[in-house]
Each structure stands twice: as structure tokens, then as C-alpha cells.
């Protein structure tokens, strides 16, 4: 399944990606080994409020004191920090 998205920051080119779904068997449904559960880390990154990795693609200033200019390049540059 492919879905086309358009950037909200003015890009005219569509971005395509694929979605995959997985089906757990009845004996696996709802079970996550206890050790894996406690090691599991889920992170949510607010990209627009993160690091500005490409200042040529900045857009309007947002509300409040945050400059809202973070981008995916900034997240990629900070992967070592995020991993730690």
C-alpha cells in the first residue's frame, strides 16, 4: 500500500512511503516477554522544536518562545545524543 503525502512547508513534490502490517498468532497475542518489556524504549521527538539542521528550509515562527525551526536533518545530526 502506498500513500502520497505533501509537505506542509511548501514542497510541491509528493512523498511516498509503504505501510506494513503484521498479524500475531493467537498464542503470541498480548504476550511480550517480561525482560523485553522492561528494556523497551519508546521516544517521541517533536521535530519542529528539536534541532535546526538545515536553516535554508526554515519556516514561520511559531507560538511562544520556541522558534519551531527544527527539522529531520537536525534529528539525524543528534542520533548519537538520542541513542545515549
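Numbering (our numbering), first residue to last: 11 to 94. Note that the Cβ used here is the ideal one computed from N, Cα and C, for glycine as well.
Contact under 8 Å by Cβ, residue i with residue j
{"i": "residue 80", "j": "residue 92", "result": "no"}
{"i": "residue 52", "j": "residue 85", "result": "no"}
{"i": "residue 83", "j": "residue 63", "result": "yes"}
Collapsed DSSP secondary structure at residue i in the structure displayed
{"i": "residue 88", "result": "coil"}
{"i": "residue 60", "result": "coil"}
{"i": "residue 48", "result": "helix"}
{"i": "residue 65", "result": "helix"}
Burial state of residue i, where buried means 16 or more other Cβ atoms lie within 10 Å
{"i": "residue 17", "result": "With a pLDDT of 43 at residue 17, under the threshold of 50, the predicted position of this residue should be treated as unreliable, though the coordinate-derived value follows. Exposed, since its Cβ has fewer than 16 Cβ neighbours within 10 Å."}
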